[in-house]
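Asks: Protein sequences, first through last, are from chains X and L. Going by this note's numbering, 142 is the number at position 141 of the first sequence; the sequence numbering is gapless. Going by this note's numbering, 78 is the number at position 77 of the second sequence; the sequence numbering is gapless. Below is one structure. I have some questions about it.
There are 2 protein chains.
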Amino acid sequence: MAYHPLDERSVAAYIRGRPEMAKVFPGGSPLAVREVGDGNLNLVFIVESAGGGGSAVLKQALPYLRVAGDSWPLTRERARFEAAALRQQGSLAPGRVPLVYDYDEEMSALLIEYLGSHEIMRRPLVARTRFPLFVEHISDFLARVLFFTSDLALSGVEKKALQAQFINPHLCKIQEDFVFSNPYMESPENRWNPLLDAEVRAIRADAPLKVAIAEVKESYMTHAQALLHSDLHTGSIMVNASDTRVIDPEFAFFGPMGYDLGALVANLVINCLSHFAHTPDPAERRPFQEYLLETAAGVWESFARKFEGLWIEAASGDLMPRGYWDFPGGAEAFAVFRQKYLRGVFSDLVGNAGCKILRRMMGIVSVWDITSIGDFQRRALPERLAIRIGRRWLLERGRISSIGDLLGIVREEARGSEEFS
Amino acid sequence: MAYHPLDERSVAAYIRGRPEMAKVFPGGSPLAVREVGDGNLNLVFIVESAGGGGSAVLKQALPYLRVAGDSWPLTRERARFEAAALRQQGSLAPGRVPLVYDYDEEMSALLIEYLGSHEIMRRPLVARTRFPLFVEHISDFLARVLFFTSDLALSGVEKKALQAQFINPHLCKIQEDFVFSNPYMESPENRWNPLLDAEVRAIRADAPLKVAIAEVKESYMTHAQALLHSDLHTGSIMVNASDTRVIDPEFAFFGPMGYDLGALVANLVINCLSHFAHTPDPAERRPFQEYLLETAAGVWESFARKFEGLWIEAASGDLMPRGYWDFPGGAEAFAVFRQKYLRGVFSDLVGNAGCKILRRMMGIVSVWDITSIGDFQRRALPERLAIRIGRRWLLERGRISSIGDLLGIVREEARGSEEFS
């Protein structure tokens, strides 16, 4: 079938016409279809059998970037990357991503598991909902996917074969531009709170900061360490009280592990700051902000512990063969190497988290945590804090040696702002 | 034509049977063919028309690693990588590589320019021949190929398209094993001067050194900075008084620039040390050793100057777009970024040069500079020096901040050995 964008009326017939998709809905009851896409690149339909006989999400790539109309043409290959990444992640971290039922290359469409009892994480976090299993689940996902796609687990030949499948130039270009360059320079798509004009101008002319961002971008563009999700913010995570799923991995490619970790930490901190506007009562606000910071700390700490555990237990990659550490003192040397490696990942986390915060304040897309604060005046407080924190993370990343240091900067900046809240 | 290894008798008919190859030898005179391969992976034939009507080299990949007999099976795809790399390098650094006349995928054979008036650089360096244009030529090659295949010159999309063509898993695996792992552990193919047993044992159990080598290997395996030659020792360079050509780029892939630079510097230093045996008279030896060290310094300094010049003049890559540096103080910030970037390349040079020296003393293949010293006792002096120097480069690489520092360590160690020479 030649590519054409589907709509609510054409989805049911399309599904019935593909056996792999049709069999998700046994019984032949009519299919109820509703479009729910709030992304910028794709059509998303929830499909449910009226008779209760099955449900799924049909996701189709558009040939242009929706937020900017037709003016940013895109290739549709991201549907292929999304299907391949979901399958890869699902095999390495079972239960942490939606199941893939079918992928149609020509239509750039994939049919995946419908997560009807889950919510996109940003929204309940704004409503101060806690997810006690989240750290456990997401650190499993990160540790397993990143470890098992790295040179620590794979032979050089296996890793490069996988890497070749995830050379993803057009989607990488979006992150390269919109995370690491355009927000910090004159570019027509940039959007920001007009009350932040002075802050945005200052960032664009902050020479040491611009150098730091360029260094982090270099690493993003060249450091092919493991298969990243590459858009792992709290809008790409679906949660409920008992489950956590990572969705939307179309940006997947081989990059620095710290990019995924940094995206998640940055978005938890943005949510934390947004409560200065969402939750005016300090007695309600402070414990939840603390919960979010502890969650961010837990993400790193659990990731690092699990990742190192896998390394000790399951290392079979070319970096390094077991026999390399087989000498008197070798066990200790191996431990030093693991620590240095993880220190490098953490350092990447810090730099990327800084960029991920800043770009949301002055680039093409903000986040719902912030945009849902209607009043520009109230919104400016968390935004100013976020800019100060992102800037410090980037400039001080050489000295930030623990997650405690990193979040200490958040606490320091937030304390100074308590009087305004 | 189904793959079969050629021999001196079958080459002429093979060439006459392919129009693109045949036209290199106009006139139809008989072809004189002699096999000259001293490599480990390939058959190499020099083909000359008896009537003076043309000459060329025919190079054919073998399906196994020759040095170890049939026991290391290899894919023949390296012929494709060699042809693609020669074409890419030739277009970016014209005149610095042999011309490619034709490439036959099925036979894994390529016909390239015959450089009859050139020598493999190692040998004349052992004979104390100077090449006054070498630094100029090789720094052109390195600066142009590395710059124009990096994110500084290419858009992210262009770079990744090129990178996808040079995912080269099997040849990378050879370097990963034989440069970064096996020489420093028990492995049956390792060879060393038996007088160096103690030194080899010490290296294998040197915990900080093993960690340092693992870190350099991590960078080799993941840091996709530019299209490397990836085997740039003085056996891959052909020279005469007026010309310099880089050959044998079958290992080409996207890796850290410092790997190529480090390989070259390491091999110049090995040659320098080999003169403690080759050239017993200090009055003859010292000036030539000094020439080699100055050559090594010149390689880095000219490379860095030309690379930065290209960056200032021809930057059109996504790292960064010009407008990113367009602010008051932006020119200075851009200069800081260039310096930091080049400092990173230099740091990679140091670590890789250390590995490149050590592996030649205790791995699968030594170098002619050393093996041509027949007497194990005399050979042990440069070898011991080389091991000391390679080890110090790796352990001190965090403190070695200039090529002067790097070569200072060579001078220091060599001075200490003058009494033995």
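C-beta: ideal position from N, C-alpha, C; glycine also. Please read all numbers here as calculations on a predicted model, not as lab measurements.
Write down the C-beta distance between Ser-109(X) and Tyr-4(X) rounded to the nearest angstrom, noting that I regard them as a contact closer than 8 Å.
Replies: Going by Cβ atoms, the distance from Ser-109(X) to Tyr-4(X) rounds to 6 Å, so yes, they are a contact pair.
Asks: Does Glu-177(X) have its Cβ less than 7 Å from a Cβ in chain L?
Replies: It does: the Cβ of Glu-177(X) has a partner Cβ on chain L nearer than 7 Å.
Asks: Taking the alpha carbon of Ile-139(L) as the point to measure from, which residue in Tyr-221(L), Asn-183(L), Leu-233(L) has its own alpha carbon closest?
Replies: The option with the nearest alpha carbon to Ile-139(L) is Leu-233(L).
Asks: So Arg-205(X) contacts chain L; which residues on that side make the cut at Cβ distance below 7 Å?
Replies: Within 7 Å Cβ-Cβ: Phe-328.
Asks: Rounded to the nearest angstrom, how far is the Cβ of Asp-349(L) from that of Pro-209(L), given a contact under 8 Å?
Replies: 19 Å between Cβ atoms; not a contact.
Asks: Between the alpha carbons of Ala-80(X) and Gln-61(X), how many angstroms are there, rounded?
Replies: Ala-80(X) and Gln-61(X): Cα-Cα distance of roughly 7 Å.
Asks: Output yes or no for whether 7 Å exceeds the beta carbon distance between Val-101(L) and Phe-46(L).
Replies: In this structure, Phe-46(L) does not lie closer than 7 Å to Val-101(L) by Cβ.
Asks: Mind pulling the chain X residues with CB within less than 7 Å of Ile-139(L)?
Replies: The contacting residues do not exist; Ile-139(L) stays about 24 Å from chain X at best.
Asks: With DSSP run on the structure shown, which of helix, strand or coil describes Gly-157(X)?
Replies: It is helical.
Asks: Can you tell which of Glu-177(L), Val-158(L), Ser-188(L), Gly-96(L) has its C-alpha closest to the C-alpha of Phe-252(L)?
Replies: Considering only alpha carbons, the answer is Glu-177(L).
Asks: Out of Arg-17(L), Asn-169(L), Ala-128(L), Gly-318(L), which one is the CA nearest neighbour of Gly-29(L)?
Replies: Taking only the C-alpha atoms, the option nearest Gly-29(L) is Arg-17(L).
Asks: Excluding the five sequence neighbours on either side, which residues of its own chain have a C-beta within less than 8 Å of the C-beta of Glu-414(X), listed in chain order?
Replies: The answer, listed in chain order, is Leu-386, Arg-389, Ile-390, Arg-393.
Asks: 7 Å is my cut-off, CB to CB: does Phe-338(L) come that close to chain X?
Replies: By this cut-off, Phe-338(L) is an interface position.
Asks: Going by other Cβ atoms of all chains shown within 10 Å of its Cβ, with 16 needed for buried, is Leu-134(L) buried or exposed?
Replies: Leu-134(L) is exposed by the Cβ-count criterion.
Asks: For Leu-196(L) and Arg-287(L), what's the separation of their Cα atoms in angstroms?
Replies: One C-alpha to the other measures close to 26 Å.
Asks: Does the segment 332–342 of chain L come close enough to the segment 237–244 of chain L that 3 or more CB-CB pairs lie under 8 Å?
Replies: At 8 Å Cβ cutoff, the stretches do not touch.
Asks: Report the rounded CA-to-CA distance for Ala-199(L) versus Ala-278(L), giving the unit in angstroms.
Replies: Answer to the nearest angstrom: the Cα atoms are 21 Å apart.
Asks: Alpha carbon to alpha carbon, how far is Ala-305(X) from Glu-120(X)?
Replies: Roughly 27 Å separates the two Cα atoms.
Asks: Could you pull out every residue in the same chain whose Cβ sits closer than 6 Å to the Cβ of Met-122(L), ignoring the five residues on either side in sequence?
Replies: Around Met-122(L): Thr-235, Ile-238, Val-240.
Asks: What would DSSP say about Gln-89(X), mapped onto helix, strand or coil?
Replies: Of the three classes helix, strand and coil, the one that applies to Gln-89(X) here is helix, per DSSP.
Asks: List the residues of chain X whose Cβ lies closer than 7 Å to the Cβ of His-224(L), in chain order.
Replies: Thr-223, His-224, listed in chain order.
Asks: Using DSSP with H/G/I as helix, E/B as strand and the rest coil, what is Ala-61(L)?
Replies: It should be noted that the sequence gives Gln, not Ala, for residue 61(L). Looking at Gln-61(L) - three-state DSSP - the assignment turns out to be strand.
Asks: For Asp-370(L), is the classification buried or exposed, using 16 other Cβ atoms within 10 angstroms of its Cβ as the cut-off for buried?
Replies: Burial call: buried.
Asks: Counting only C-beta atoms, is Lys-60(L) closer than 7 Å to chain X at any point?
Replies: It does not; no Cβ of chain X falls within 7 Å.
Asks: In the structure shown, what three-state DSSP assignment does Thr-245(L) receive?
Replies: Strand at Thr-245(L).
Asks: Using the beta-carbon of each residue, which ones in chain X are nearer than 8 Å to Gly-375(L)?
Replies: Here the premise fails: no neighbours, minimum Cβ distance about 32 Å.
Asks: Counting C-beta neighbours from all protein chains within 10 Å, is the total for Pro-383(L) 16 or more, i.e. buried, or is it exposed?
Replies: That one is buried.
Asks: I'd like the ranges of any alpha helix (DSSP H) spanning at least 4 consecutive residues and lying wholly in the segment 104–168 of chain X.
Replies: Here the runs fully enclosed are 123–127, 135–149, 157–166.
Asks: Is Asn-353(X) helix, strand or coil when you go by DSSP?
Replies: In the structure shown, Asn-353(X) sits in a helix (DSSP, three-state: H, G or I).
Asks: Run through the segment 182–254 of chain L for me and flag every whole alpha helix (DSSP H) of 4 or more residues, listed as ranges in chain order.
Replies: As far as the segment 182–254 of chain L is concerned, its whole alpha helix (DSSP H) runs of at least 4 residues are 198–205, 208–223.
Asks: Is the distance from the Cβ of Ala-94(L) to the Cβ of Arg-145(L) below 7 Å?
Replies: Yes. Within cutoff.
Asks: Give me whichever residues DSSP pairs with Asn-43(L) in a beta bridge.
Replies: According to DSSP, which records beta bridges pairwise, Asn-43(L) is partnered with Ala-62(L).
Asks: Quick check on Ala-80(L): does DSSP put it in helix, strand or coil?
Replies: Ala-80(L): helix per DSSP, three-state reduction.
Asks: With a CB to CB cut of under 7 Å and the five nearest residues on each side skipped, what residues in its chain are close to Ala-354(L)?
Replies: Excluding positions up to five away in sequence, the list reads Gly-263, Val-266, Ala-267, Trp-394.
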